[in-house]
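To start, the structure under review is shown below, and the notes come after it.
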Amino acid sequence: MARPRRSAAQAAQVALARDDSESDSDLSPPPSPPRPAPKRGRPAAPVDAIESDSSLSELSEEEEAQPAAKRVRQVKSAVDVTTLGDNEIFQAVMQANNLDDAAENWIVGFQSDSGEALSQLLTFLLRLCGCGESVSREEALDRENMDTILERLQTEVAQHASAQYPIVSRNKTMKGIRRSTREFLDKLFSGASEADMLGDEDFLETWLQWLIGMSVSSLRSFRHTATVVALWTVGALSYQLEQVREHYDVAVKQRDAEAKRDGGNRTRLAHTAERMEQLDALRDSLDAHLNELQMQVFDPRSRDFDAAIRLDCMECLGQWMTSYPSQYLQDFYFRHIGSALQDPDVHVRLSTLKTVQAICKPVNAIQLVPLAEAQKKRMVDIALYDVNLSVRTTAFSALESLNKQDMLSNEDRAALAVHIFDKEAPIRKAAASFLVGLLETDVAHSSDVPESMAHVYGLLCLLAKYDQQLKQHDTVPLDANDFDLVKPKLGRIHVAMEALWDATEFVHPWQSYIDLLHDESAPELDAAQEAIAVEMLASVMQILQARHEQDSESLEWEAYSTSMIDALPKLLAKYAGDAARISDLLLIIPAMDLDVYHETRNEQAWDSLWDDVCGHFMRHVDASLLQHAADALRLFLISPTDTSVNGAKLLALQETVLNKLQDTLYQRQVDATVFTEDDVHNLHASLARLHALLKVVDVHTLLDDDLWDQVMALARRGRLNYPQEKQFVRLALQSLALSIMWATKALLKDDDQATPMEKLLHRRDALLDMATSYLDVGSHVQSTSWQVVVMLYTLFFTMHGKDATENEHAMHLVCPREIQQRCASVFASEMHALIPAFHENATSNASRKTTIAMLEPSLLSLHLYLCSMTSTFVAALQVGAFSVSHASAMLQYYAQFGHDYDTMCHEVISVLRDDALHSERDWLVAETIVETLKGSFAVFSLYGDDVMEAHYIALARQLANATMVRGPGFTVLESLNGSAMVTLHVAAIQQFIQYMQDSDNDEKTPVFFKGLSQLLTTLKPADAMTVHSTMHQRLAAAQIEPVSGAKAWDAFFSYDKRLLNVAAKDDSIVKEAQHYSAA
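Letter by letter, the sequence shown follows residues 385 to 1463 of the numbering used here.
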């Protein structure tokens, strides 16, 4: 076996050599364009040249015949320019002190010996590039051979192992070098102007020639540094040009004033004319130099492939436009603004928009007209559809600045104002100003609405208009029954009101909202406007409550609550038959200050409110209305009013609910009877009310033995799979589960006499047996039964430990492995069934512009259902009720369903990490990771598009976090056992081989290695060589030969190379490689 071991060492040597040769690009910012490499001896053999019949690859006979390299090519270490100390200017700039003295000393030196001074200045420029070379006096003055000198300097810098340079360095000593360098250049050119040196050919011509020459270098450090220094030079010269123009204007005024005098002084006129001629010549010279820098540095570098250079160009352009508008608010620079607005880099677009916002001032209005006409459409598109939130927000701000100068049309304002319903809060806040502008315009042209309601009515009309536009895209209506497991809030009208509240005071007078709904003088509203008016009324109450929590001295909330004592009953009566309106009105109650009923001693109004809420609770079956009514009842029970009245009211309501249910089931054999359509409706209504009460109030004592048996019988009808009965069967299961939970809580407090321990455990086990029987595929109530099973096992599993009471130990329950597996399978199948809808939505959103709604309405109910199931499953994994091996059922769908699902996946990954590192389950976690990768890759194979590939890779990155604990600076403090990591990779490689053998089309199969490549962070060098060896052995045994150069196999070769790179980190492997290389 000596031969393969020698080959492995040789492979490690090759990887090390390649690492050294590529260290420049790995450590530097984005690479510069390819350049001719200097001759540095014979290159190391590429990894692809090493043939392999196993992971411990063996060299071919031809390679063995060639003489091996005696040593790895040595790369010069980078020069630390901070330690040279041979340039006074660089030392002063680096220390950020005595910049005045440094600039003055250089000017004095230039006046005595220009060559030596230029040598110091150009060497300073090289130090800013991170170059340790110097420019001699003769080279500084030899402008004709500057290209040759620069080529020599570039060759020296190209041999450095590191491409870091001061203006991008994060070293503390370089922290303020950009600011101090710019300050030095400003002082230098100001001093040169005072010394009349700006017209000196040796100074500016030499300086600009070097900057222009270095700005086209293929070396990023030269090109970037020279560009930035050239841009700062433009700024300094622009300031000097502005000063020259001011002096010239003063000279003109002096000449004209002197000429108007009788018998003007000819000597003074001649002196003024001479001064004007000098200033005119200097102005032309500065104009020429600035034009040269703009055309040869700024113009090409603003289109550089390096985003950092483009960003510097646009940031400096913004500073020039702000400081010197007369020079830079021109079409030439406006075209660069337009190009930068389409830049692929986020930071460039953001900087450009900030520039537009900064220059949009009344004084510049006329000059900005060409920019606004040419670019406002592009800016509107950015504001509405850009992928980056900061860019969108800044675009809204820039457009608002243009709008203040009256440069936007009404169509533009309306397109921006509709984003008052945007899914992002900063965008809604930014869009509010445009909506307020349109509102003021509408109010100014409206005369048939009372002044007190004008603004509120105008806002209502605008919101109704925009809401109707959005509803045209809502192709699938929402079913209220889909909201059973969540507590819905107000819709997009509420988020719009929140954004508008801080934007204008027109929306603050709350009395206008009340008057608009029931005042006789109010304009007539249609059904859609009434719906929005009710939402606005409820939103204002919630906003006032939130503001009162921030400022307790505010009296608006209390006053509004007092006014609602009379208004709310009237509104509830007015919309008694409209469930949607009543549902919104009931949201006012939790936001009200209910203490006002007690403070005003208005017991009659309190009783009336109780009766109204109970009446609507019994009249409607809408799920959201029942939930809102139940929340209101809960608040009534804890209010400071007469508790006996509250108890009596609740008891009467409970009896009414139970009577309705018992009337339907009277003298019926529930298991065998046939329910009519009316019976199904009545059962659904009664169980929905019982379920709503059980969610917020402990009324489990109502379920005595007879009623419990009846509800259980209703739940058992789920085995019949009647579609018309599935809703009330679901409600029966959920109500029974909630009753068990309330009874458990009461029993643990030792205050429950109605449900003793034996009865509780009997009911629990009976419910679990029935719900478990519904986990089979095809059951209409499978998902609800799954929720009940997982929640109950999670609840009762937690009742153990050192601090557990005797009752808790008696109720402790462990979920059998078979049931765990069935629940995990049900969850995985449910998630898999949701993928097509979400995938279609994701691909369609990628091809069309939309930011108003986070999800299509058709997906909203699916999203709520998804979150409900996922949160239940995560809880079971976190407390240990389910084994972590079942985490793969959830993690394999990472990135498929949006941010909420991914956040819960992160929690599961934390559970995996804790189990792997602290509970000695590293082998189990490794197996779970492999199963998760297999599941995710199966989904990718099903669709095969770029979106699914990105999801698979994103999952693998997250799974890597389950194998280690990171510390500061991305250091690894603790990691998974090395043997477990080897097993993980080997098992995954074997799975890849299985894919290759089973698949007819193997073009997508090597993508599997893109996921494995993310799991190499914690692999040890020896383990990496083991994985590498095993991989090649098994590929050879399976007769699978990776195709070198084929794009489909890039992922495999990248994984193979990274394994060798990890192995090369072991000094013993490297030394052995060098030994065999020299042999």
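C-beta atoms are modelled at their ideal positions from N, C-alpha and C, and glycine is treated no differently. Computed from a predicted model, the values in this text were never measured in an experiment.
In the DSSP assignment, MET705 falls within the unbroken alpha helix (DSSP H) covering 691-707. Distances from the CA of GLN1111 to each of SER1070, PHE818, THR1367, SER1294 were compared; the closest alpha carbon is that of SER1070. Put simply, the backbone Cα of ALA576 is about 28 Å away from that of TYR549. Distance between ASP1407 and THR1401, taken at the CA atoms: about 12 Å. Taking a cut-off of 8 Å on C-beta distances, the segment 952-962 touches the segment 983-1002, as three or more cross pairs fall below it.
Take LEU909, set aside five residues on each side of it, and the residues of its chain with a beta-carbon closer than 7 Å to its own are ALA917, in chain order. Counting along the chain, ARG812 sits inside the alpha helix (DSSP H) bounded by residues 809-828.
Looking at the DSSP output, MET1348 shares a beta bridge with SER1359.
The C-beta of PRO1220 has fewer than 16 other C-beta atoms within 10 Å across all chains shown, which makes the residue exposed. Annotated as proximal: LEU569 and TRP616, with beta-carbon spacing under 8 Å. Counting other Cβ atoms within 10 Å of its Cβ, SER1272 reaches 16 or more and is therefore classed as buried.
If you look at MET558, you'll find it isn't in any alpha helix (DSSP H); DSSP assigns it neither H nor E. In this structure, MET1253 sits away from GLU1311, with a CB-CB distance that is not shorter than 8 Å. By the CB criterion at 8 Å, LEU1399 and LEU1368 fall inside the cutoff. Inclusion of PHE805 and TYR850 in the CB contact set at 8 Å is warranted, their separation being smaller than that value.
Put simply, the backbone Cα of LEU768 is about 19 Å away from that of ILE721. In chain order, VAL628, HIS631, TYR632, ALA635 place their CB closer than 8 Å to the CB of LEU663, counting only its own chain and leaving out the 5 sequence neighbours on each side. A direct Cα-Cα distance of roughly 7 Å separates ASP531 from GLY597. Nearest to GLU1425 by C-alpha distance, out of ASP1451, ILE1377, ASP464, is ILE1377. Here the alpha carbon of ARG1114 sits roughly 39 Å from the alpha carbon of GLU933. The three-state secondary structure of VAL1173, taken from DSSP, is helix. For the pair of segments examined, the segment 973-980 was found to touch the segment 933-946: the number of CB pairs separated by less than 8 Å reaches three. For ALA930, the three-state secondary structure derived from DSSP is helix. Remark: three or more beta-carbon pairs, one from each stretch, lie closer than 8 Å, so the segment 813-825 and the segment 796-803 are flagged as touching.
In this chain, PRO746 is not harboured by any alpha helix (DSSP H), its DSSP state being neither H nor E. The three-state secondary structure of ASP977, taken from DSSP, is coil.
Within 10 angstroms of the beta-carbon of GLU882 lie 16 or more other beta-carbons, which makes it buried. With contacts defined as CB atoms closer than 8 Å, ILE966 and LEU1009 qualify as a contacting pair. For ILE966, the enclosing alpha helix (DSSP H) has its first and last residue at 963-970. Of the other Cβ atoms in all chains shown, fewer than 16 fall within 10 Å of the Cβ of LEU1035; this residue is therefore exposed.
For THR507, the enclosing alpha helix (DSSP H) starts and ends at 498-512.
Its Cα nearest to that of ILE811, the residue LEU783 stands out among THR825, LEU783, SER793, SER831. Taken through DSSP and simplified to helix, strand or coil, VAL732 comes out as helix.
Rounded to the nearest angstrom, the Cβ distance from MET1183 to MET1195 is 5 Å, consistent with a contact under 8 Å. Under the three-state reduction of DSSP output, VAL1427 falls in the coil class, being neither helix nor strand. A Cβ-Cβ separation of about 5 Å places ALA579 in contact with ILE491 under the 8 Å criterion.
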